[in-house]
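> This structure is in structure tokens; I'll ask about it shortly.
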Amino acid sequence: MRHLVLVVTLVAPTATGRSLCPLDVPVTAFVAPSKASRQLLSVQNVQNEDDGDDGDEQATGFVLPGFLRPELPESDSYFKKYGRPTDITEESFGALLPMAEAVDEATGGWGLSYADLRPATPRTPVGLGFLATNIFYLTGGAYLGIKGDVFFGGLTELAGIVSFAYHYLQLDLGVNRSEVRLVLLLDYITAGATLLTGGAYMIQAGISHVPVEALFTATGALASLSLCWVWEFGYPYIFWHSLWHILSAATGFLIGQNHLAVAA
1 MRHLVLVVTL
11 VAPTATGRSL
21 CPLDVPVTAF
31 VAPSKASRQL
41 LSVQNVQNED
51 DGDDGDEQAT
61 GFVLPGFLRP
71 ELPESDSYFK
81 KYGRPTDITE
91 ESFGALLPMA
101 EAVDEATGGW
111 GLSYADLRPA
121 TPRTPVGLGF
131 LATNIFYLTG
141 GAYLGIKGDV
151 FFGGLTELAG
161 IVSFAYHYLQ
171 LDLGVNRSEV
181 RLVLLLDYIT
191 AGATLLTGGA
201 YMIQAGISHV
211 PVEALFTATG
221 ALASLSLCWV
231 WEFGYPYIFW
241 HSLWHILSAA
251 TGFLIGQNHL
261 AVAA
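For the sequence shown, the numbering used here assigns the number 1 to the initial residue and increments by one for each residue that follows.
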């Protein structure tokens, strides 16, 4: 429906009533568009949308491959599809229930939700490859332990073991399982302890003595972690979270090596 604004001139008396003055009064008239005009408008809208998409891609200067930037329907994100977890109970978490409730409350229910990785399973090539990326934590931690940093090396290995267990259950049991949430909470604990220790090492060494390679891998790791939360489903999640495993393990290894060199 379109409208036209017409100006109608009326003649009205002045305040004294002795003379007349013209008044221009706008009048809005609504006119239904013809079939031809509707078709023309439809074609113009499609062209404008196409131009907008091309402009966005040209403005960024970098476009990810299609399989790494799929459209994200509302139902594909676990949290959007299933909402806040309802199985955070003493039966599921035991002594860790207060911590689970704190994480759930602080994140509005998002913190203990997890991605639906179907069709991947622990027995498919993609699932096996994803689980295999945890080996970088194990090998890096073992090397640091052998070289003398048993504490940080041990934490890194433990983080890798718990990460493997979490993702195995995530792949095997699927969505909405309290067993997976429990191991996810353990993953937060072990990974958090490892990250805090690595951060303390960086502060102790001073930013000027932190290897540049570690800063690059840390940046890449955080970017990958952020992107796997954006595309929190299936193969895109597996791709970005695999990069998080590899780059965060490399960062921990480089920081641990630097700590050993400074302490020597």
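Glycine included, each C-beta is placed from N, C-alpha and C at the ideal position.
Where F164 and A200 are concerned, what is the direct C-alpha to C-alpha distance, given to the nearest angstrom?
Here residue 164 corresponds to residue number 164 of the sequence shown, with the count starting at 1. Here residue 200 corresponds to residue number 200 of the sequence shown, with the count starting at 1. Their backbone Cα atoms lie some 25 Å apart in a straight line.
> Compute the Euclidean distance between the alpha carbons of L97 and T89, then round it to the nearest angstrom.
Within the sequence shown, numbered from 1, the residue matching residue 97 stands at position 97. Within the sequence shown, numbered from 1, the residue matching residue 89 stands at position 89. Straight-line Cα distance between these residues: approximately 7 Å.
> What residue does the alpha helix (DSSP H) around T139 start on, and which one ends it?
Here residue 139 corresponds to residue number 139 of the sequence shown, with the count starting at 1. Where T139 is concerned, the enclosing alpha helix (DSSP H) stretches over 135 to 147.
> Pick helix, strand or coil for D87, following the three-state DSSP scheme.
Counted from its first residue, the sequence shown places residue 87 at position 87. Three-state DSSP puts D87 in coil, outside helix and strand.
> Measuring CB atoms only, is the segment 198 to 212 touching the segment 164 to 179, in the sense that at least three cross pairs come out at less than 8 Å?
Contact fails: fewer than three Cβ-Cβ distances are below 8 Å.
> First and last residue of the alpha helix (DSSP H) that includes L247?
Locating residue 247 in the sequence shown gives position 247, counting from the first residue. 234 to 263 is the span of the alpha helix (DSSP H), which, as asked, contains L247.
> Return the bridge partner residues of D104 from the DSSP annotation.
As a position in the sequence shown, residue 104 is number 104, starting the count at 1. DSSP output for D104 lists no bridge partner at all.
> V126 lies in the alpha helix (DSSP H); which residues open and close that run?
Within the sequence shown, the letter at position 126 stands for residue 126. Looking at the DSSP string, the run of the alpha helix (DSSP H) that includes V126 is 125 to 132.
> May I ask which residues mark the beginning and end of the alpha helix (DSSP H) holding I203?
If you number the sequence shown from 1, residue 203 lands on position 203. It spans 178 to 205 - the alpha helix (DSSP H) in which I203 sits, taken as one unbroken run.
> Taking the alpha carbon of A142 as the reference point, which residue from V262, A264, G252, A261 has its own alpha carbon closest?
In the sequence shown, the residue the question calls residue 142 occupies position 142. Nearest C-alpha to A142: G252.
> Just the Cα atoms here: how many angstroms apart are W229 and Y237?
As a working mapping, residue 229 is identified with position 229 in the sequence shown. As a working mapping, residue 237 is identified with position 237 in the sequence shown. In a straight line, the C-alpha of W229 is about 7 Å away from that of Y237.
> Can you tell me whether I296 is buried or exposed, with buried defined as 16 or more other CB within 10 angstroms of its CB?
Beyond the ends of the chain as shown, which are 1 and 264, falls residue 296; an answer cannot be given.
> Can you check DSSP and say which residues form a bridge with D116?
Counting from one through the sequence shown, the residue named residue 116 turns up at place 116. The partner list for D116 (beta bridge, DSSP) reads F233.
> I believe A115 touches E213 by the beta-carbon criterion, under 8 Å. Please report the beta-carbon distance rounded to the nearest angstrom.
Here residue 115 refers to the residue found at position 115 when the sequence shown is read from its first residue. Here residue 213 refers to the residue found at position 213 when the sequence shown is read from its first residue. Between E213 and A115 the Cβ distance is about 29 Å, and since that is not below 8 Å, they are no contact.
> Can you list, in chain order, the residues of its chain whose CB lies under 6 Å from that of S208, leaving out five sequence neighbours each side?
Here residue 208 refers to the residue found at position 208 when the sequence shown is read from its first residue. Once the five neighbours on either side are set aside, S208 has no close Cβ partner at all.
> Contact check, D149 vs L260 under 8 Å by CB: the rounded distance?
Counting from one through the sequence shown, the residue named residue 149 turns up at place 149. Counting from one through the sequence shown, the residue named residue 260 turns up at place 260. Sure, about 6 Å apart at Cβ, within 8 Å.
> Is it buried or exposed, T107, if we count other Cβ atoms within 10 angstroms and call 16 or more buried?
Here residue 107 corresponds to residue number 107 of the sequence shown, with the count starting at 1. The residue is exposed, with fewer than 16 neighbouring Cβ atoms inside 10 Å.
> I'd like to know whether the C-beta atoms of T190 and A159 end up nearer to each other than 8 Å.
Residue mapping note: residue 190 aligns to position 190 of the sequence shown, counting from 1. Residue mapping note: residue 159 aligns to position 159 of the sequence shown, counting from 1. Taking 8 Å as the Cβ cut-off, T190 and A159 qualify as a contacting pair.
> By the DSSP assignment, the alpha helix (DSSP H) with V162 in it spans what residues?
In the sequence shown, counting from the first residue as 1, residue 162 sits at position 162. Residues 150 to 173.
> Would you mind working out which of S178, H241, R118, I146 sits nearest T86, comparing C-alpha positions?
Locating residue 86 in the sequence shown gives position 86, where the first residue counts as 1. Out of S178, H241, R118, I146, S178 has the C-alpha closest to the C-alpha of T86.
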